[in-house]
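>
Numbering (the numbering used here), first residue to last: 5 to 471.
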């Protein structure tokens with residue numbers, strides 16, 4: 005296994021990857037004319053794609069098993085040998101790395117595309133590194149850890165002309181197509197209100213599987229296991245925490261340095277349907293209506309209610325959306341005909357009918373049940389092409405030129421991520437946030453713009469101050 009701590013960083017610090025080609029102008033990302041770029045990797049329709057994986061355990065394992073039957077697995081990279089152990093054992097001939105920069109440097113000519121399944125805080129640097137080399141990218145949701153990063157990846161994917169996709173699997177389902185088709189057919193009427201909540205219990209016998217709150221903070225310093233490179237795990241994070249077993253492998257989501265809580269983790273699933281159908285994009289105003297937990301602290305709130313306001317457009321009325329988490333749910337309404345509110349879900353409240361899903365957009369239905377039963381007798385026509393094989397095949401087909409670009413490419417994925425991260429900002433700061441989306445800044449509370457574009461650790465900034 006290759007595990008250097010001091011490497012030749014020529015690929016990491018050159019060209020656009022060093023962000024020398026990504027400049028900040030009026031708080032918005034731009035890509036200058038003349039920035040060197042590679043041609044995107046070409047894969048013929050009859051060839052297998054050479055895939056590298058940054059993040060092998062957890063979600064990485066899921067992706068490896070999806071891609072392995074049809075593509076070539078050529079490289080693995082993970083900072084945690086214990087988490088990656090099962091895949092390392094199953095695919096012993098695949099080269100193993102701990103630093104993705106080393107992997108991309110040494111195997112540049114052998115890699116067509118990269119799957120990034122790391123924690124949120126390293127999505128941006130790993131994804132941009134691959135794109136700069138012309139590699140196609142599949143990056144887990146949420147796309148990035150801050151809004152500037154999301155917009156930058158969106159522009160960079162277009163600039164480098166690579167096939168990109170964010171891993172919110174529900175965007176490839178038939179269910180989300182029904183949501184958009186039914187809304188556009190006028191079944192719901194005017195939709196001015198959306199309600200969403202996520203309070204799913206952990207697996208049986210597991211205490212707070214994803215979102216375990218610490219008993220005290222800061223966490224006590226614990227020796228780092230020999231199988232984990234903690235420095236590389238932290239990557240670009242400037243104010244990194246001490247290692248503690250509560251952080252890994254999943255509970256880092258509770259800490260703002262690394263994740264974005266329940267809202268950041270699940271909004272890209274639960275809010276995907278209404279965002280796509282109503283063409284919401286970033287909200288104009290966000291307000292934290294209720295919380296338990298400290299503002300601007302290192303740990304996410306234990307409970308929250310966040311309100312998003314979207315101004316009217318030529319195509320729709322203004323929309324108010326509320327998000328509930330930590331055990332909170334919207335109040336049940338008699339007209340919905342529900343005996344109780346489930347643990348997770350989403351409701352688009354329409355003037356003619358209301359539509360409900362679970363935490364993902366794959367199984368929509370109208371409520372109450374009599375309305376649903378009557379509707380099913382004569383549903384609207386299917387107008388949106390269906391996807392077979394999920395996001396994995398959608399992405400590989402697009403790389404080979406066999407299909408259209410993925411529906412949740414970085415253009416769409418960045419917009420959905422920005423929506424979620426603005427809600428997370430409200431959870432951290434409280435009060436109301438007025439969002440100037442054109443200039444990418446908080447207009448009423450300029451001190452919060454430090455969260456729009458976060459500082460990064462020296463050595464991960466490409467040797468410049470553009471971050």
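Cβ atoms here follow ideal geometry from the backbone N, Cα and C, with glycine treated the same way. Being a predicted model, the structure only gives us computed values, none of them experimental.
Cα separation between residue 448 and residue 270?
Computed Cα separation, rounded: 27 angstroms.
> Pick helix, strand or coil for residue 362, following the three-state DSSP scheme.
Residue 362: coil per DSSP, three-state reduction.
> Give me the Cα-Cα distance between residue 350 and residue 157, rounded to the nearest whole angstrom.
Each residue's alpha carbon lies about 28 angstroms from the other.
> Which of the three DSSP states is assigned to residue 464 in this structure?
Correct three-state label for residue 464: coil.
> Take residue 276 and list the residues in its own chain whose beta-carbon comes closer than 7 angstroms to its own, dropping the five residues that flank it on each side.
Only 172, 174, 175, 180, 365, 420 meet the Cβ criterion.
> With a cut-off of 8 angstroms on the beta carbons, I'd call residue 363 and residue 348 a contact; round off their distance for me.
Rounded, the Cβ-Cβ distance is 4 angstroms, consistent with contact.
> Check the C-beta distance from residue 155 over to residue 424 and give it rounded, since I have them as a contact under 8 angstroms.
Their Cβ separation, rounded to whole angstroms, is 14 angstroms, which puts residue 155 and residue 424 out of contact at 8 angstroms.
> Which stretch, first to last residue, makes up the beta strand (DSSP E) that contains residue 341?
No beta strand (DSSP E) holds residue 341; DSSP gives it neither H nor E.
> Return the first residue and the last residue of the alpha helix (DSSP H) that residue 256 is part of.
Segment: none, residue 256 is in no alpha helix (DSSP H) and carries neither H nor E.
> Specify, as a first and last residue, the run of the beta strand (DSSP E) that residue 328 falls within.
Note, residue 328: beta strand (DSSP E), 323 to 329.
> Just to confirm my understanding: we take residue 428, look at its own chain, exclude 5 residues before and 5 after, and list those with CB closer than 6 angstroms. What are they?
Closer than 6 angstroms at Cβ, skipping near neighbours: 264, 267, 268.
> Going by beta-carbon coordinates alone, are residue 303 and residue 125 separated by less than 8 angstroms?
It is not a contact, given that the beta carbons lie outside the stated cut-off.
> Helix, strand or coil, according to DSSP, for residue 403 in the structure here?
Looking at residue 403 - three-state DSSP - the assignment turns out to be helix.
> Indicate the three-state DSSP secondary structure (helix, strand or coil) for residue 147 in the structure shown.
In this structure, residue 147 counts as coil in the three-state DSSP scheme.
> Can you tell me whether residue 221 is buried or exposed, with buried defined as 16 or more other CB within 10 angstroms of its CB?
Its Cβ having fewer than 16 others within 10 Å, residue 221 is exposed.
> Between residue 291 and residue 436, which are expected to be in contact by the criterion C-beta below 8 angstroms, what is the C-beta distance as a whole number of angstroms?
Their Cβ separation, rounded to whole angstroms, is 5 angstroms, which keeps residue 291 and residue 436 in contact under 8 angstroms.
> Cα-Cα, which of 430, 43, 310, 139 is closest to residue 114?
The residue with the shortest Cα to Cα distance from residue 114 is 139.
> Going by CA-CA distance only, name the one from 64, 130, 230, 151 that's closest to residue 457.
Nearest C-alpha to residue 457: 151.
> Apart from the five residues just before and just after residue 278, which ones in its own chain have a Cβ nearer than 6 angstroms to its Cβ?
Same-chain partners within the cutoff: 198, 352.
> What do you reckon, are the CB atoms on residue 201 and residue 333 nearer than 8 angstroms?
It is a contact, given that the beta carbons lie within the stated cut-off.
> In the DSSP assignment, find the unbroken beta strand (DSSP E) run with residue 289 in it and report its ends.
289 to 296 is the extent of the beta strand (DSSP E) around residue 289.
> If I follow the unbroken alpha helix (DSSP H) through residue 133, where does it start and stop?
Unbroken alpha helix (DSSP H) run through residue 133: 127 to 136.
> Once DSSP output is grouped into helix, strand and coil, what is the label at residue 32?
Low local confidence applies: a pLDDT of 44 at residue 32 is under 50, so the model's placement there is unreliable, and no value is given.
> Identify whether residue 386 lies in helix, strand or coil by the three-state DSSP scheme.
In this structure, residue 386 counts as coil in the three-state DSSP scheme.
> Between which residues of its own chain and residue 153 is the CB-CB distance below 6 angstroms, once the five residues before and five after are set aside?
Excluding positions up to five away in sequence, the list reads 128.
> If we ignore side chains and look at the alpha-carbon of each, how far apart do residue 251 and residue 225 end up?
Roughly 12 angstroms separates the two Cα atoms.
> Taking the alpha-carbon positions, what's the residue 464 to residue 57 distance?
Each residue's alpha carbon lies about 20 angstroms from the other.
> From residue 343 to residue 285, what distance separates their C-alpha atoms?
Approximately 33 angstroms between the Cα atoms of the pair.
> Using the beta-carbon count (16 or more within 10 Å), is residue 246 buried or exposed?
Exposed, since its Cβ has fewer than 16 Cβ neighbours within 10 Å.
> Please look up how many angstroms separate the CB atoms of residue 45 and residue 117, rounded, as I've assumed it's under 8 angstroms.
That pair is a contact at about 7 angstroms.
> Check residue 107 in the structure and name its three-state DSSP category.
Reduced to three states, the DSSP call for residue 107 is helix.
> Go through its chain and collect everything with a Cβ distance to residue 75's Cβ below 7 angstroms, but skip five positions before and after it.
Cβ neighbours of residue 75 beyond the five flanking positions: 52, 53, 55, 400.
> Beta-carbon separation of residue 309 and residue 294 under 8 angstroms?
Yes, the Cβ-Cβ distance between residue 309 and residue 294 is below 8 angstroms.
> Where residue 311 and residue 327 are concerned, what is the direct C-alpha to C-alpha distance, given to the nearest angstrom?
The alpha-carbon atoms of residue 311 and residue 327 are separated by roughly 6 angstroms.
> CA-CA distance, residue 228 and residue 73?
One C-alpha to the other measures close to 36 angstroms.
> What number of angstroms, rounded off, separates the C-alpha of residue 337 from the C-alpha of residue 439?
One C-alpha to the other measures close to 31 angstroms.
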